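Be aware that the sequence shown starts at 1008, since it is given in our numbering, and climbs by one per residue. Don't be surprised by glycine CBs; every beta carbon is placed ideally from N, CA and C. For clarity, every value in this text was computed on a predicted model and none was experimentally measured. Read through the structure below, which is laid out as structure tokens, and then see the notes.
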Amino acid sequence: MIDEYPVLSVVASFAQGVTDMQGVKELRVKESDRIDAMAKGLRAAGVTVDEGEDWWKVTGLGHGKVPGGVTVASVLDHRIAMAFMVMGMATQKPMTVDDGSPISTSFPIFEALMGLLYRAVGAKVLAGVSPVEAALSLDPRDLENDDLRTPEVAQAASEVAVNPEVRAALTEFQRNFAMRHGGAVLDGRDIGTVICPRAQAKLFVTASAECRADRRFKELQGKGMEVNAADVLADVIARDKRDTERATAPLVAAEDAHLIDTSDMTIAQAVAAAIAFVQSRL
């Protein structure tokens, strides 16, 4: 339990009332002084924290009420980096971790969506590697490629994803990830139907094609890329058609999945809805 206190303090920030954590002096002598690092980051994000040598207390602000909007230090500690990455998904304004590389100490692809596996394969295919060989030779470091979010790689990923041999090569990788001690959260188009059909909690998160295209357009613009809104929408629609109609592992909601349509939701609202459902199933 001792290593879970950093992320517990993040959860406490979104709870009501005071969370009192006692007898945690060991956190002072981990990869960093985790009490000090978390206290500084939480305070910077707008949360009240009191601390002592072997304790700290976090006064929660409630769902959607943590300001955020700051850059926090990971102090080269993977637990600190992961905790604040999770926190930044639900604060009012995005948060940035100054150095996310320490997370590789825990697991090389902690912050990677499962969909990046196919993007990494697609990127290799664009470089001249055959689809199956690209999948079999995939290395976690391939997921760190900055070009994986480009429209060209997204298109290639969707095309290689229909290849049964490619999917078979990556299925075992994903299932092993899901079976890690302590559980895992996986994101992907066939996670609930093919990869983890017996998962305790399944979410089918979606939004209208227009909404998703607008988000993608703004994301690409923010990276300084020249893109056309109409082209982005056309790509989204084409990918939806291809993914829903493919013979192998088509995009479809599992019968027991909980639908969350984020078209009219903020990030904080979507995260709160997901957490509420997962908590109801565990």
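Query, Result
"Proximity to Ile1009 [Cα-Cα], best of Thr1026, Arg1041 and Ala1019", "Arg1041"
"Lys1100 and Gly1075 closer than 9 angstroms at C-beta", "yes"
"CB contact flag (Glu1159, Leu1133, <9 angstroms)", "yes"
"Cβ shell of Val1167 (< 8 angstroms), same chain only, five flanking positions each side left out", "Tyr1125, Val1128, Gly1129, Val1132, Pro1138, Ala1141, Ala1142 and Val1173"
"Buried versus exposed, by CB contacts within 10 Å (16 or more), Ser1215", "exposed"
"Length of the line joining the Cα atoms of Leu1240 and Thr1157", "14 angstroms"
"Inter-residue spacing [alpha-carbon to alpha-carbon] between Gly1199 and Gly1059", "44 angstroms"
"Coarse secondary structure for Leu1266, derived from DSSP in three states", "strand"
"N-terminal and C-terminal residue of the alpha helix (DSSP H) that Val1056 is part of", "It is not in any alpha helix (DSSP H) - Val1056 instead sits in the beta strand (DSSP E) that spans Thr1055 to Gly1059."
"Cβ neighbour criterion (16 or more within 10 Å) applied to Leu1289", "exposed"
"Supposed contact pair Thr1273 and Val1212 - C-beta distance, whole angstroms, cut 8 angstroms", "Val1212 to Thr1273, Cβ: 14 angstroms. No contact."
"Contact set for Ile1202: own chain, Cβ-Cβ below 8 angstroms, skip 5 residues either direction", "Met1121, Thr1178, Gln1181, Arg1182, Ala1185, Leu1193 and Gly1195"
"Which listed residue (Lys1064, Lys1032 and Glu1033) has its alpha carbon closest to that of Gly1047", "Looking at the sequence provided, one finds Lys at residue 1047 rather than Gly. Selected option, being the one with the closest Cα: Lys1064."
"Residue from Cys1218, Val1243, Val1017 and Arg1253 whose Cα sits closest to the Cα of Ala1161", "Val1243"
"Range of the contiguous alpha helix (DSSP H) that encloses Asp1027", "Run containing Asp1027: none in the alpha helix (DSSP H); it sits in the beta strand (DSSP E), Gln1023 to Gln1029."
"Residue nearest to Asp1027 in terms of C-alpha spacing, selected from Ala1237, Trp1062, Lys1248 and Leu1123", "Trp1062"
"Continuous beta strand (DSSP E) stretch holding Lys1064: start and end", "Trp1062 to Leu1068"
"Beta-carbon proximity list for Val1025, same chain, < 6 angstroms, skipping 5 on both sides", "Lys1064 and Thr1066"
"Reduced DSSP category for Gly1129 - H, G, I as helix; E, B as strand; rest coil", "helix"
"Identified DSSP bridge partners for Thr1157", "None; Thr1157 has no bridge partner."
"Contact between the stretch 1086–1101 and the stretch 1010–1018 (3+ Cβ pairs under 8 angstroms)", "yes"
"Same chain, Cβ closer than 8 angstroms to Val1031, five either side skipped, listed in chain order", "Ile1009, Tyr1012, Ile1042, Asp1061, Trp1062 and Trp1063"
"6 angstroms Cβ shell around Ala1260 - same chain, five flanking residues per side excluded", "Phe1211"
"Assigned secondary structure, Thr1078 (DSSP; H/G/I helix, E/B strand, else coil)", "strand"
"Through-space distance from Val1278 to Val1293, alpha-carbon basis", "Since the first residue of the chain shown is 1008 and the last is 1289, residue 1293 is not available in this structure."
"Strand pairing of Leu1210, partner residues [DSSP]", "His1265"
"Beta-carbon proximity list for Leu1049, same chain, < 7 angstroms, skipping 5 on both sides", "Ser1016, Ser1020, Val1056 and Val1065"
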